[in-house]
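J.: Numbered per the UniProt record's numbering, the sequence shown spans residues 1 to 269.
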Amino acid sequence: MQYDPIKRVLGDVFNKTPFLRRVFFKLLDLLLLRTWHVHKELREWADGRRNQEMHILDAGSGFGQYTYYLSGMSSKWNILAVDVKEEQISDSNRFIRAIGRHNVLFKIGDLVQYRQPDSYDLILSVDVMEHILEDVEVFRNFQASLRPGGMLLISTPSDQGGSDVHGDEETSFIEEHVRDGYNIYEIEEKLHLAGFSKVQARYSYGKPGQISWRLSMKYPMLLLNTSKIFFLLLPLYYLVTFPISFVLNWMDVNGNHKSGTGLIVKAWK
Numbered sequence: 001m002q003y004d005p006i007k008r009v010l011g012d013v014f015n016k017t018p019f020l021r022r023v024f025f026k027l028l029d030l031l032l033l034r035t036w037h038v039h040k041e042l043r044e045w046a047d048g049r050r051n052q053e054m055h056i057l058d059a060g061s062g063f064g065q066y067t068y069y070l071s072g073m074s075s076k077w078n079i080l081a082v083d084v085k086e087e088q089i090s091d092s093n094r095f096i097r098a099i100g101r102h103n104v105l106f107k108i109g110d111l112v113q114y115r116q117p118d119s120y121d122l123i124l125s126v127d128v129m130e131h132i133l134e135d136v137e138v139f140r141n142f143q144a145s146l147r148p149g150g151m152l153l154i155s156t157p158s159d160q161g162g163s164d165v166h167g168d169e170e171t172s173f174i175e176e177h178v179r180d181g182y183n184i185y186e187i188e189e190k191l192h193l194a195g196f197s198k199v200q201a202r203y204s205y206g207k208p209g210q211i212s213w214r215l216s217m218k219y220p221m222l223l224l225n226t227s228k229i230f231f232l233l234l235p236l237y238y239l240v241t242f243p244i245s246f247v248l249n250w251m252d253v254n255g256n257h258k259s260g261t262g263l264i265v266k267a268w269k
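#1: Buried or exposed for residue 19, please, with buried defined as at least 16 other CB atoms from any protein chain shown within 10 angstroms of its CB.
#2: Among 32, 262, 29, which one has its Cα closest to the Cα of residue 160?
#3: Mapping DSSP to helix, strand and coil, what is residue 123?
#4: With distances taken between CB atoms, is the gap from residue 152 to residue 266 smaller than 8 Å?
#5: If you compare alpha carbons, which of 193, 217, 27, 53 is closest to residue 73?
#6: Could you please give the first and the last residue of the uninterrupted beta strand (DSSP E) stretch that includes residue 148?
#7: Just to confirm before moving on: does the CB-CB distance between residue 130 and residue 202 stay below 8 Å?
#8: With 16 as the cutoff for other CB atoms within 10 Å, does residue 249 come out buried or exposed?
#9: Report, in whole angstroms, the separation of the C-beta atoms of residue 124 and residue 58, which I expect to be a contact under 8 Å.
#10: Does the beta carbon of residue 64 sit closer than 8 Å to a beta carbon anywhere in chain B?
#11: Based on DSSP bridge pairs, tell me the residues matched to residue 83.
#12: Beta-carbon within less than 7 Å of residue 148's beta-carbon, same chain only, minus the 5 sequence neighbours each way: which residues are those?
#13: Tell me which residues share the same chain as residue 75 and place their Cβ nearer than 7 Å to its Cβ, disregarding the 5 neighbours each side in the sequence.
#14: Going by beta-carbon coordinates alone, are residue 205 and residue 260 separated by less than 8 Å?
#15: Between which two residues does the beta strand (DSSP E) holding residue 203 run?
#16: Please identify the residue among 95, 61, 65, 98 whose C-alpha is closest to the C-alpha of residue 81.
#17: Tell me whether residue 107 is buried or exposed, calling it buried when 16 or more other Cβ atoms sit within 10 Å of its Cβ.
#18: Look up residue 266 in the DSSP assignment and say whether it is helix, strand or coil.
#19: Between the alpha carbons of residue 169 and residue 33, how many angstroms are there, rounded?
#20: Let me know the alpha helix (DSSP H) ranges lying completely inside the segment 209-253, each 4 residues or longer, listed in chain order.
#21: Quick test of your reading: residue 15 and residue 22, contact by CB under 8 Å. State the CB separation rounded to the nearest angstrom.
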């Protein structure tokens, strides 16, 4: 399934006003399990740092929802968000200026080439690495761009059914992915190879999360990919399924999973 056309339609709808974009971000926060996991890690990282000047890179910012979240945590943090898609960068800059957050800049950038030595205290990369073939080169750029003691936070599919692939004969649910998912030991090894001194990886999207993902993401995306008329039915669909997904998301974020279709990875310079 091609995800980008659906994202463009969503962008066209919610970019009309800053209010609608805020509503869109709030919906993503509630519905997307990856957001629950990433926000949890960001809150832990932010503990004791909210009153300090920090420099943050959102590497592959997409719609900009994580940059928006981070910029609301502290006005002392300076955030640069980069992405290869010019239209999303332009829309995000207009939005962030309209709401008066001047500690943020969105910029076009290719992560394979982007390197700013010793510049950032935190680098965030959410659902990006599965789209980039030259992953070790990007990891080296991240390592070089962090300040000593800085942290890299990654969310990406695992090889335990990530991208909804469960066998050699299956293909990724998202056609834009260049890999179906990382083996947990593979990504740890690649990050050490890139120069990181410490790496921690854990599974996300355990059994509760996999059910939630199908309810909140897979089935709606399949319907929308069939016909845009299903946009009209989405509110009713989520009215029925959201309470179930909410409980499942809470269980996934607060559980320890021996396996899962997602990975949350932290690495320190």
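Heads up, the beta-carbon is just placed ideally off N, CA and C, and yes, glycines get one too.
Treat the numbers as computed from the prediction; the structure is a model and nothing was measured.
T.: Looking at the coordinates:
#1: With fewer than 16 other Cβ atoms from the protein chains shown falling within 10 Å of its own Cβ, residue 19 counts as exposed.
#2: Of the residues 32, 262, 29, the one whose Cα lies closest to the Cα of residue 160 is 262.
#3: strand
#4: Contact: yes.
#5: Among 193, 217, 27, 53, the Cα nearest to that of residue 73 is on 53.
#6: Per DSSP, residue 148 belongs to the beta strand (DSSP E) from 146-157.
#7: no
#8: buried
#9: 5 Å
#10: In summary, chain B is missing from the structure at hand, where a single protein chain is found.
#11: Note: residue 83 sits in a beta bridge opposite 108.
#12: 269
#13: So the qualifying residues of the chain are 103.
#14: A distance below 8 Å separates the beta carbons of residue 205 and residue 260.
#15: Its beta strand (DSSP E) spans residues 198-204.
#16: 61
#17: exposed
#18: strand
#19: For residue 169, the pLDDT reaches just 47, beneath the cut-off of 50, and the residue's location in the model is therefore unreliable, although a value from the coordinates is still provided. Rounded to the nearest angstrom, the two C-alpha atoms are 27 Å apart.
#20: 219-226, 234-253
#21: Going by Cβ atoms, the distance from residue 15 to residue 22 rounds to 11 Å, so no, they are not a contact pair.
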